[in-house]
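Below you'll find the structure, written out as structure tokens, and then a few comments.
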Amino acid sequence: MSLATAVGALGLSQVACADLTWGDNSTQQSSGYQDSSINHFNAAAIAADRGDVSALFNYEQMMSGGLFAMYPTYWRMNLDLNSQSSAAISQFVRQYSGTVMAEKLVADFAETKAASNDYAAVRQVANLITNADASERCAIALGFNNGGDSMRALAAKSDVWLTVKKQPALCNQLAMEMNNNALISNQDRAARLKRMLRAGKTGDIMALSSRLGTPIPYSKLSEIQLNPAAFFGRFALEPNSQTNQYLYLYAMGRLASKSYREAALQLDYDIKQDNRRSARLLNDETRRYAYRILGVQRMNHNTDDGFNSEAVDWFRQSLDDDFSFEEAEYYAMAAIRYSRWDDVIEAISQMDAEVQKTNQWQYWLARAYEQSSAGSRRNIAKKMYQHLAKSNDYYGLMAKDKVGQRFSVSSMGGGNLPNVSSADRARVMQNPHFARAFALYNADASRAYANREWNWAVKQARDNRDDALIFAAARQAYDMGWLDRAIYAIDNTDSVHNLALSHPMPHQSAVVRYSQSVGIDPAWAYGIMRQESRFVTSARSNVGASGLMQIMPGTAKYIARNLGESYSASRANSGDTNIRYGTWYMSDILGKLNQQPVLATAGYNAGPNNAKRWQPVYGSLAADQYIESIPFPETRNYAKHVMENATIYSSLLGRNQSISQRMGVVPAAF
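What follows is the structure, encoded as structure tokens:
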């Protein structure tokens, strides 16, 4: 399909290769995007998949000068990035400046060269990368860290230095190599060393301890790894040295990873024994971080062992001015779960200043202040809620309820599609980024390419503060049925709001009919569907979930069996059946989980058994506290978004229900 054909499919026609006409027959001047390179795109992509360099050279000639001219060159160069020179990459970026494929090629090149330790090549292209992801930022920082530019290398420090969570390989490498950065202080090294001792990362431990002048030999670590109990048994006979403080934390980390309960008993015993000595063997810093190890490990076992307030106690006993975000977040989550509001305040204070300003932690700080006996703090909480209520995200909707405000659909278009000027409509196809995205969509190219071009187009427009262009493109995507990109566009602007675009309601008759037939709220069904698939009928997850409601094959078989139907994968994934199956399953989970929608939402994502495990054992728990303490980050965020979506959809469907009413209270599991 040519770009002219794609433009026609958008409701545009090209006149004399220069004029664009929209449906109202008003004519706007275009940049003259009459293009045939799209005709070769899919064939060139197939050649790239089979590694056919000769064919790609031919496509470079055939597609030269077109909107998609960069693709065969990108594919050819990307087949063996390590053999490319930084000069060749820079030339590609100059030739196709401002395109997403130029950004991708140079970023991929930096990662490849960093992985092969060619840091000079990384530095030569670093300034050409404008939108680096985590791994690419680490690649750039590695280049500078190994090139004498210590200051630029530190740009990624906050992301990698204290974390022990899984991160890209280049970020692990950066964190290790940053040990030798001239701007890293011994205080920095000691802080990282404690986390590595907890995590048992031998290489990091040896490198950091050596730079600190207290080298820990591998033999000592190996001995403790094999038998931490033996180390604790002889610890009282060891001298009070800094090395032994580190080894104690390493042994505590190894024991806690096997049993935090045994580790807690060991620490309690050791501190009691130590307090009887005339000269203590465990210094205050070691004691505090040993409790930190217990707190973190306890939070990692909430699903298996159930929640326990001892995690809050252990974090409180570990208080100092040296919390990583991971540790502070765990502390806050534990304190929120048990309504330990002073600890919530303390935990948030341990976070980075910018993190504290986010809606999430401002909301919980307000929740904590709200419980204070001091009137001044309660007044601060009210002001914080009023500020948060300006937003319509999950926390903004919760804050609205706190100050008696109602969510207003009229302020966001009232569910009506926006009017877009013909000039702005024409500008969409005059924009090369959006033109590529729409042409790829209509040419039935791999959706990954179309989505990448679309996302880049939105970013460029946002960077240029051209909300009108984003609005017009989103409306056009909606009109074509490309709903997920319309949603993406609106969700990625700060000042453009239109619920018809951001919260569309396709298949409305089926959603309402099937929801009502099984006794669930259609707004909740839409909330799930928007979060699961963004209304892409063919959506398929990397674990095999399919369709609008993202139903796993095993779940679809379970549903079909209960409905007295034979299972058919193709039928289960079709729009209508997928909606019917999904709403039935939502009702099924809801019935198993106390008719509680927050529990059922968590259960839809993580399984009903997990949702049940996270319920309180005794008494009830406010639903926002339940959600915030969900151990799985994916499910925690999922539940927030679904509740936000459902609240908005309830207004669009004329059945307005506030988010607090919707979420209710989570009862005890038994």
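Numbering (my numbering), first residue to last: 366 to 1035. We treat Cβ as the ideally placed atom computed from N, Cα and C, and that holds for glycine.
- If the five residues before and after A1034 are omitted, its C-beta is found closer than 8 Å to the C-beta atoms of K977, R978, Q980, P981 and V982, all from its own chain and listed in chain order.
- At the C-beta level, Y843 and P869 come within 8 Å of one another.
- Assigned with DSSP and collapsed to three states, S1023 falls in coil, not helix or strand.
- Ranked by Cα distance from T651, the options N447, I710, S606 and S587 are led by S606.
- Sequence-distant partners of Q610 (beyond 5 residues in either direction) whose C-beta falls short of 8 Å from its own C-beta, in its chain, are L647, N648, E650 and T651.
- Counting C-beta atoms within 10 angstroms of its own C-beta, K559 has 16 or more neighbours from the protein chains shown and is therefore classed as buried.
- Looking from the CA of V823, the closest CA among W847, A453 and T858 belongs to T858.
- In terms of Cβ geometry, L684 and Y654 do not form a close pair [threshold 8 Å].
- Going by DSSP, W889 is part of the alpha helix (DSSP H) stretching over P887 to S898.
- Cβ-Cβ distances below 7 Å link Y728 to L753, Y760, M763 and A764 in the same chain, with the five nearest sequence neighbours on each side left out; the list follows chain order.
- Going by DSSP, R576 is part of the alpha helix (DSSP H) stretching over T567 to R576.
- Shown here for H1006: same chain residues with a beta carbon closer than 6 Å to its own, the five before and five after excluded, namely Q896 in chain order.
- Membership of M664 in the alpha helix (DSSP H) is indicated by the continuous run D649 to M664.
- If the five residues before and after A540 are omitted, its C-beta is found closer than 7 Å to the C-beta atoms of V525 and W526, all from its own chain and listed in chain order.
- In this structure, F672 sits near R702, with a CB-CB distance shorter than 8 Å.
- Excluding residues up to 5 positions away in sequence, A697, I713, M716 and V720 lie with their Cβ nearer than 8 Å to the Cβ of W726 in the same chain.
- Leaving aside the five residues that flank A921 on each side, the residues in its chain whose CB is nearer than 7 Å to its CB run, in chain order, Y932, A937 and Y946.
- Collapsing the DSSP output to three states places R936 in a helix.
- Within the same chain, Cβ atoms closer than 7 Å to the Cβ of K585 are found at L612, the five residues on either side in sequence being excluded.
- In the structure shown, I589 falls within a helical segment according to DSSP collapsed to helix, strand and coil.
- Contact check for M914 against V963 fails: the beta carbons are separated by 8 Å or more.
- Residue state for V785 is assigned as coil, using DSSP reduced to three classes.
- Using a 10 angstroms sphere on the CB of G430, the tally of other CB atoms stays under 16, which defines it as exposed.
- In the DSSP secondary-structure assignment, V1030 is bridged to A987.
- The shortest CA-to-CA distance from S985 to any of L955, S419, V1030 and D669 is the one to V1030.
- One Cα belongs to M664, the other to P996, and the distance between them is close to 8 Å.
- Assignment of S903 by DSSP, reduced to helix, strand and coil, places it in the coil class.
- Straight-line spacing of the CA atoms in Q841 and S773 works out to 25 Å.
- Membership of I701 in the alpha helix (DSSP H) is indicated by the continuous run F690 to R702.
- A distance below 8 Å separates the beta carbons of Q662 and S622.
- For K530, there is no enclosing alpha helix (DSSP H), as DSSP marks it with neither H nor E.
- Spatial neighbours of Q751 in its own chain (CB-CB distance under 8 Å, excluding positions within 5 residues in sequence) are listed in chain order as A764 and V768.
- Note: I916 is bridge-paired with S911 in the DSSP secondary-structure output.
- Taking C-alpha positions only, A699 is separated from Q825 by approximately 40 Å.
- Ranked by Cα distance from S575, the options S587, N544 and V901 are led by N544.
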